[in-house]
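Undergrad:
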Amino acid sequence: MRWSSPRSRRPPARVAVIGAGFSGIAAAVALKRQGITDFTIFDGAPGVGGTWWHNRYPGAEVDLESHIYSFSYAPADWSRNYARRGELQRYLETVVDAFDLRRHLALGESVQDVTWSEERGEYAITTGSGAAHGPFRAVISAVGFLNVPRMPSLTREEQDFAGVICHTARWPDGLDLAGKRVGVLGTGSSAVQVVAEAAACAAEVKVFQREPNWMLPKGSREFSPAERRRSRRALVRRWQRLWLYLRYDVRQMRMSHARADGWVNRRRHRAAERFLAESFAGQPELRQLLTPAFPFEGKRTVLSDDYYRALLQPHVTLVPHGVKGLSADGAVDDNGDRHSLDVIVLATGFDAANYLAGFTVTGAGDRDLHQVWADEPRAFLGMMVPGFPNFFIMYGPNTNSVPLVSFYEAQARFAAGAIARLAARGAREVQVSRIAASRYDRWLQSALKRTVWVQTNSYFRASTGRIVSQWPFNASLYLMLTRAGRLALRYRGTFRPKG
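The numbering of the sequence shown is numbering that gives the first Met the number 0, which starts it at 0 and goes up by one.
1) List the whole-angstrom C-beta distance separating alanine 492 from glycine 348, where the pair is believed to meet the contact cut-off of C-beta under 8 Å.
2) Judging by CA-CA distance, which residue of Asn473, Ile418 and Trp372 is the nearest neighbour of leucine 403?
3) Helix, strand or coil for asparagine 399 per DSSP?
4) Under 9 Å, do lysine 205 and threonine 316 count as touching if we go by C-beta distance?
5) Taking the C-alpha atoms as reference points, what is the distance between threonine 359 and alanine 202?
6) Can you check whether the CB of glutamate 408 is closer than 9 Å to the CB of alanine 29?
7) Tell me which residue opens and which closes the alpha helix (DSSP H) that arginine 308 is part of.
8) Where does lysine 31 fall in DSSP's three states?
9) Mind checking asparagine 399: buried by the 16 CB within 10 Å criterion, or exposed?
10) Grouping DSSP H, G and I as helix and E and B as strand, with all else coil, what is alanine 131?
11) When burial is assigned at 16 or more other CB atoms within 10 Å of the CB, is arginine 169 buried or exposed?
12) Which residues mark the beginning and the end of the alpha helix (DSSP H) in which glutamine 192 is found?
13) Have a look at alanine 363 and phenylalanine 387 and give me their C-alpha separation to the nearest angstrom.
14) Would you report the Cα separation of proline 396 and alanine 378, rounded to the nearest angstrom?
15) Where does the unbroken alpha helix (DSSP H) through histidine 540 begin, and where does it stop?
16) Name the residue from Arg149, Val94 and Pro211 whose alpha carbon lies nearest to the alpha carbon of glutamine 287.
17) DSSP three-state label for methionine 479, please.
18) Please report the straight-line C-alpha distance between valine 183 and glycine 281, rounded to a whole angstrom.
19) DSSP on glutamate 121, reduced to helix/strand/coil?
20) With H, G and I counted as helix, E and B as strand and the rest as coil, what does DSSP make of tyrosine 244?
21) If we count the other Cβ atoms within 10 Å of its Cβ and call it buried at 16 or more, is alanine 221 buried or exposed?
22) Name, in chain order, the residues that DSSP records as bridge partners for alanine 105.
23) Applying the criterion that 16 or more other CB atoms from any shown protein chain within 10 Å of the CB defines a buried residue, is histidine 66 buried or exposed?
24) Quickly, what does DSSP pair serine 140 with across the bridge? List them, please.
25) Along the chain, where does the alpha helix (DSSP H) that runs through histidine 53 open and close?
26) Let me check understanding here. Comparing Cα to Cα, which of Ser475, Arg155, Val147 and Ser405 lies closest to arginine 253?
27) With DSSP as the reference, identify every bridge partner of glycine 182, one or two as the case may be.
28) If you run the structure through DSSP and keep just helix, strand and coil, what is glycine 281?
29) Measuring CB atoms only, is the stretch 85 to 94 touching the stretch 18 to 25, in the sense that at least three cross pairs come out at less than 8 Å?
30) From this set, Arg433, Ala105 and Lys448, which residue's C-alpha is nearest glycine 46's C-alpha?
31) Here's the rule I'm using: 16 or more other beta-carbon atoms within 10 Å means buried, otherwise exposed. How should threonine 463 be labelled?
32) Could you give the DSSP three-state label for methionine 150: helix, strand or coil?
33) Going by the beta-carbon positions, is the gap between valine 344 and alanine 197 smaller than 9 Å?
34) Who are the Cβ neighbours of proline 578 in its own chain at under 6 Å, not counting the five residues just before and after it?
35) What residue range does the alpha helix (DSSP H) around glycine 85 cover?
36) For leucine 421 and tyrosine 354, what's the separation of their Cα atoms in angstroms?
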């Protein structure tokens, strides 16, 4: 693999990239393609991968097809149609080496503070080690929004549980579920993957369900040797990627997937009901317990081939209650019943609405970004906030959609292009117009109000009810807006480096 040479050499601009996952690597590649080579990629983990470094629980795999959940410029010989965690993490390692990014990595350095200096026209960064880094002309945050595990209150209370408690995003090395009595809290995407794996080896599995989710079969499988040989051909690979892209693009056109009256929503809803009915034929009680009360797509629809089958096994029990406390030998559910357990898995998701929760960002006029947001994260194209010059957000507010990597690449091009123009013009700062940001936000929120997401409590929503994570339209519209969005940027002042 090779990265293409920059079209022209730009004056140097020192850049910080926060995060070494998919979006951080995309940002680094885009910077190089713009001729910007003076950048540092910070990450608190000891290795690259982001989500795919931290989420090491059994059964962890992606919910998007491998050929589309990869960079357009970095093809791979995938072993499965839905890649597992280990293969994805190794893929990102190969991309880092192919694009010579390893020398830019600052691993084990979790960013704590990002502070704009009015005097210098640059950012300073402080990491968890206490070290100060910088100055940087620009900062690209690539930490995403599914990175701070949501921990239930019972874990913060004093308890004498003698077993193991762990969150799916912080899986302990060496934890083996074989022969154990396992309790899983949650029924989302991570939970169903853990349950399917635990059911194959544990002595007993109990699934604590406060609310079921809509589910569709995934069709996850190994590629045959013939399929892998065909996919190594450039034209075949490009066609596979284009076909997957177009399929998702049509599905999300005119918000058809996210409106209750959308033809895609109705078609997939019927498929989910049929999957449930066929899986639990002759089991009316289980079928009723697993039928959600909220609209289809109101929350993230779960994909699994194995979860429903696992619930039918004699050593797997669906408990239609949450957990309110722990005992010395297990858990106490909301009904007051006690359950003896050796391992409790918290598949409770993330504090998703709290964007950039891991660090503080101080912009012009000493304004704190989280205070500006006031619990309602928003950004122009999900990437720029007025009053925070030269600061870009990858996978920011209202950009959660599919296919994800196409969004990452578009955002990386936007940010790297703006930074390159900043340097080429010798400007002090680049910001988004407040008028453009305001109009964009009004247009987007008006569209979101027509979706099923406003009818359901989920991680898509802030505590105020505002939808803060989702992009309601198809990817092609977003990609077009990122190209047109450069017209809303304003370059100001003259950059004068301080001695």
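Ideal Cβ positions, reconstructed from N, Cα and C, are used throughout, including at glycine.
TA: Taking the definition as stated:
1) Looking at the sequence shown, residue 492 is not alanine but glycine. Rounded, the Cβ-Cβ distance is 43 Å, inconsistent with contact.
2) Taking only the C-alpha atoms, the option nearest leucine 403 is Asn473.
3) Correct three-state label for asparagine 399: strand.
4) Cβ atoms of lysine 205 and threonine 316: closer than 9 Å.
5) Spanning the two alpha carbons is a distance of roughly 45 Å.
6) For alanine 29 and glutamate 408, yes; Cβs fall inside 9 Å.
7) 306 to 310 is the span of the alpha helix (DSSP H), which, as asked, contains arginine 308.
8) Reduced to three states, the DSSP call for lysine 31 is helix.
9) Classification for asparagine 399: buried.
10) DSSP places alanine 131 in the strand class (E or B) of the three-state scheme.
11) So arginine 169 counts as exposed.
12) Where glutamine 192 is concerned, the enclosing alpha helix (DSSP H) stretches over 188 to 198.
13) So the two alpha carbons sit approximately 6 Å from each other.
14) Cα to Cα, proline 396 sits roughly 6 Å from alanine 378.
15) Since the first residue shown for the chain is 0 and the last is 498, residue 540 is missing from the structure and cannot be characterised.
16) The residue with the shortest Cα to Cα distance from glutamine 287 is Pro211.
17) Here methionine 479 sits in helix by DSSP.
18) Per the coordinates, the alpha-carbon of valine 183 lies some 25 Å from the alpha-carbon of glycine 281.
19) It is a strand residue.
20) In this structure, DSSP gives tyrosine 244 a helical state, which the three-state scheme calls helix.
21) Looking at the sequence provided, one finds glutamate at residue 221 rather than alanine. Answer is exposed; the Cβ neighbour count stays below 16.
22) Paired residue(s): Phe41.
23) With 16 or more Cβ atoms within 10 Å of its Cβ, histidine 66 is classed as buried.
24) Beta-bridge pairing links serine 140 to Ile17 and Ile392.
25) Start and end: 50 to 53.
26) Considering only alpha carbons, the answer is Ser475.
27) For glycine 182, which the question treats as bridged, DSSP gives the partners Lys205 and Ile343.
28) Coil at glycine 281, not helix or strand.
29) Touching, yes, given that three or more Cβ pairs across the two stretches are closer than 8 Å.
30) Nearest of Arg433, Ala105 and Lys448 to glycine 46, Cα basis: Ala105.
31) Its Cβ having fewer than 16 others within 10 Å, threonine 463 is exposed.
32) The three-state secondary structure of methionine 150, taken from DSSP, is coil.
33) Taking 9 Å as the cut-off, the beta carbon of valine 344 is found closer than this to the beta carbon of alanine 197.
34) Because the chain spans 0 through 498 in this model, residue 578 falls outside it and cannot be assessed.
35) Residues 84 to 97.
36) Leucine 421 and tyrosine 354: Cα-Cα distance of roughly 26 Å.
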